[in-house]
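Novice:
Residue numbers (the numbering used here): 312 to 387.
#1: Only counting the same chain, and skipping five residues up and downstream in sequence, which positions put a Cβ closer than 7 Å to that of residue 365?
#2: Round the Cβ separation of residue 377 and residue 387 to the nearest angstrom and send it over; I've been treating them as touching at under 8 Å.
#3: In the DSSP assignment, find the unbroken alpha helix (DSSP H) run with residue 414 in it and report its ends.
#4: Give the secondary structure of residue 375 by DSSP, where H, G and I count as helix, E and B as strand, and everything else as coil.
#5: In the DSSP assignment, what are the bridge partners of residue 381?
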């Protein structure tokens, strides 16, 4: 029984209905942008003076995104 081979999903019947999927996506569409806005307004991030660190992070994240993800013997 594994999450990756689908047997766990079949055994539990863990399928979401279309209405639930739409509800989850709508909740995400409302909560994520509003959360970013509230955090930006309350914490006031400063980008000035941190250009080197931000650039290094973006470059590193881009390189890591190119690495293949391997679960067991299966590439994901």
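The beta-carbon is built from N, C-alpha and C at its ideal position, and this holds for glycine as well.
Specialist: In brief:
#1: These residues qualify, in order along the chain: 358.
#2: Their Cβ separation, rounded to whole angstroms, is 14 Å, which puts residue 377 and residue 387 out of contact at 8 Å.
#3: Nothing can be reported for residue 414, as the shown portion of the chain is limited to 312 through 387.
#4: Here residue 375 sits in helix by DSSP.
#5: Residue 381 is bridged by DSSP to 386.
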